[in-house]
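In what follows, a structure is listed as structure tokens, so that the remarks can point back to it.
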């Protein structure tokens, strides 16, 4: 594992934590992310008084860009299944959705692909006016692996879920809020204060009541562990096929995984 700490935890109080993600120029998700997130989720599960966790980004332009296309595939494939039987990537998202604490994404910048899947695994999502979300995997011949197909229909409805997953386009903050992809858009300069106020409000309530309410909502709205496994299996079966190598190569030639390239306008550029 890399020595770089991607998730910096600030324990504001025993009941309220803020976690800031940082990984390279555009906050890519990679094998280290998988391993470090698993440790963080265990830490959250085991904190006796923790009621609410806010996830933030160190980068104003990229919350979590997407999976690192240059990551070591063999390392990912060799990861041992979690106790749930799921691959650790899928297990992380399944567990994150199920932790007793309320989880909040404070989204500035871009959250696409696996970044979108991360925020979908949190309980609530608040966005700044410059936030952009999307699932672009179909444009490179892949099925999204983090189960947005299991999460989005509950949030936005079947038709809009298919629009997001099959259109591979960017969803700016206002449209994402209109669809239910995020809870709401907060005016420029006010997101951090808004989220902090909301988190402190929840943190001040009785943890048992908060946890029981969340558990009841989860029963009605969260996908099953099996659906997470099926989604990631479909990704492993479709990602990296030779017939789609030219699509990924074209994106890299135009600046994929660089802060000044196609990443800025990926939803439009993948269709070129």
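In this note's numbering, the protein residues as written are 352 to 623.
Cβ coordinates follow ideal geometry from the N, Cα and C atoms, glycine included.
By the CB criterion at 8 angstroms, residue 437 and residue 468 fall outside the cutoff.
Within the same chain, and ignoring the five residues on either side of residue 462 in sequence, the residues whose Cβ sits closer than 6 angstroms to its Cβ are 414, 415, 470 and 484.
In the structure shown, residue 401 adopts coil according to DSSP, grouped into three states.
Here residue 365 is near residue 400, since their CB atoms are less than 8 angstroms apart. The straight-line gap separating the alpha-carbon atoms of residue 396 and residue 566 is approximately 14 angstroms. Around the beta-carbon of residue 623, fewer than 16 other beta-carbon atoms lie within 10 Å, marking it exposed.
Assignment of residue 532 by DSSP, reduced to helix, strand and coil, places it in the coil class.
Excluding its 5 nearest sequence neighbours in each direction, residue 486 has C-beta neighbours in its own chain below 6 angstroms: 467, 495, 499, 515 and 516, listed in chain order. DSSP, reduced to helix, strand and coil, places residue 475 within a strand of the structure shown.
As the crow flies, the alpha-carbon of residue 583 is around 12 angstroms from that of residue 427. If you draw a 10 Å sphere on the C-beta of residue 574, you find 16 or more other C-beta atoms in it, and that means buried.
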